[in-house]
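Enquirer: Below you'll find the structure I mean.
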Amino acid sequence: MIDYKKVACFAGILFFTFIRIQFAYSQPWDSEEIESSFFRSIRANQKDGYVTFSQGIGNMEPLIFEGLLAPYYLLRTSKDARWGATISPAILLRMRADLSFPVRTPSYMPNITFYHSLKELSDKRENSAYLFLMLSHHSNGQDGSFYNEDGSVNTRNGDFSTDFLEFGIFLSQKFIPFAGTNEFFRTSLEIHTNLSRSKELEGRYSFVRWHNSFRIFRFPFMNSNTASGYKQADYKKIPRVQTKIETTWLFGNIDGATFFNAEERFNFSVTMSVRPKFLSDVSLFANFYTGEDYYNMFFYRRITVLRFGIQAYSFK
Numbered sequence: 307m308i309d310y311k312k313v314a315c316f317a318g319i320l321f322f323t324f325i326r327i328q329f330a331y332s333q334p335w336d337s338e339e340i341e342s343s344f345f346r347s348i349r350a351n352q353k354d355g356y357v358t359f360s361q362g363i364g365n366m367e368p369l370i371f372e373g374l375l376a377p378y379y380l381l382r383t384s385k386d387a388r389w390g391a392t393i394s395p396a397i398l399l400r401m402r403a404d405l406s407f408p409v410r411t412p413s414y415m416p417n418i419t420f421y422h423s424l425k426e427l428s429d430k431r432e433n434s435a436y437l438f439l440m441l442s443h444h445s446n447g448q449d450g451s452f453y454n455e456d457g458s459v460n461t462r463n464g465d466f467s468t469d470f471l472e473f474g475i476f477l478s479q480k481f482i483p484f485a486g487t488n489e490f491f492r493t494s495l496e497i498h499t500n501l502s503r504s505k506e507l508e509g510r511y512s513f514v515r516w517h518n519s520f521r522i523f524r525f526p527f528m529n530s531n532t533a534s535g536y537k538q539a540d541y542k543k544i545p546r547v548q549t550k551i552e553t554t555w556l557f558g559n560i561d562g563a564t565f566f567n568a569e570e571r572f573n574f575s576v577t578m579s580v581r582p583k584f585l586s587d588v589s590l591f592a593n594f595y596t597g598e599d600y601y602n603m604f605f606y607r608r609i610t611v612l613r614f615g616i617q618a619y620s621f622k
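Take 307 as the starting number for the sequence shown in my numbering and just add one per residue.
As structure tokens, then:
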């Protein structure tokens, strides 16, 4: 029987930890040093930490929550630099709605990403473009056998580990003819190396992946009635809205799936979020995802789920 007092306690601790971490690495609007379009776009390229309410609606097992903690450190020599880097010790975890509420085999995904601007820098909110290269590791910190005795994948303590690099281009471009929006497009290729890869992933896991992402920010009305003269968002007028569409195509041998088998090779995600007037850095979101399960040893299954939760914007 579920102890709802414990659930509330766990949820409260996670919520405040989540908010604290995200606030620690946020860039406030009223910063004295106005960022260039290049570094603002780097922030828009970061993953947003989030917490879901239960497992949502779909074919996932019962969960108390799924949470992504993805604070990042932005490295730069000056605000005019055309090179930059970020470091993130990202962790994804799921708390199961089982006895003792176990958090089994979290996904550890530390990464470092390098960026190079393709345009001259500007403090204005204008188009930007840059190349990026990310070096990342993905594992679950376990050392058990990959398979159970009955031949099924050992999702309890099976060893999952892989390293990969991802390179691509990120564009800040006006695609939609509406005032008060920023649009970002990203396309990249992810290639997994054989440095510390679990050998059992051969023939079952895609080692080459093509990612695409289209992200739209809808800003509140702007005003310039500030001491610094820098335009600030007026949160009292219109909530901030974000829409993000992501696709991934999986290449390589995946349990013998044919090349054009979209059911096995295509991942799709759409997230819509809104920041209400009473919240300044946290938004409420709804996400629909269908595709390969991204949670380490659960890669072998396909999930389709509609979820709701809270997230913190990495972009300001």
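Ideal Cβ positions, reconstructed from N, Cα and C, are used throughout, including at glycine.
#1: What residues are listed by DSSP as bridge partners for residue 474?
#2: For residue 510, tell me which candidate among 610, 459, 575 and 593 has the shortest Cα-Cα distance.
#3: How far does the beta strand (DSSP E) with residue 347 in it reach, from first residue to last?
#4: Let me check one thing: in DSSP terms, what residues is residue 489 bridge-paired to?
#5: Residues in the same chain with beta-carbon distance under 6 Å from residue 577, minus the five sequence neighbours each way, listed in chain order, please.
#6: For residue 568, report the span of its alpha helix (DSSP H) as first-last.
#7: Leaving out five residues before and five after residue 364 in sequence, what residues of the same chain have Cβ atoms less than 7 Å from its Cβ?
#8: What are the start and end residues of the beta strand (DSSP E) that includes residue 585?
#9: Kindly identify the DSSP beta-bridge partner or partners of residue 250.
#10: Assuming residue 560 is part of the beta strand (DSSP E), what are its boundary residues?
#11: Cα separation between residue 582 and residue 476?
#12: When we look at the beta-carbon of residue 338 and count the other beta-carbons within 10 Å, is it buried (16 or more) or exposed?
#13: When DSSP labels each residue in this structure, what does residue 605 get in the three-state scheme?
#14: Between the beta-carbon of residue 571 and the beta-carbon of residue 556, is there less than 9 Å?
#15: Beta strand (DSSP E) containing residue 417: first to last residue?
#16: Using 10 angstroms around the beta-carbon of residue 495, count the other beta-carbons present and answer buried if the total reaches 16, otherwise exposed.
#17: Closest to residue 347 by C-alpha separation, out of 377, 435 and 407, would be which residue?
Expert: If we stick to the structure as given:
#1: 438 and 494
#2: 459
#3: Note, residue 347: premise wrong, no beta strand (DSSP E); alpha helix (DSSP H) at 343 to 350.
#4: 522
#5: 550, 591 and 593
#6: 568 to 571
#7: 609, 610, 611 and 612
#8: Counting along the chain, residue 585 falls outside any beta strand (DSSP E), and DSSP gives it neither H nor E.
#9: It is not possible to answer for residue 250, since the shown part of the chain is limited to 307 through 622.
#10: Element bounds for residue 560: n/a, residue is neither H nor E.
#11: 28 Å
#12: Annotation note: pLDDT 38 at residue 338 (below 50); position unreliable, coordinate value reported separately. Burial call: exposed.
#13: helix
#14: yes
#15: 413 to 423
#16: exposed
#17: 435
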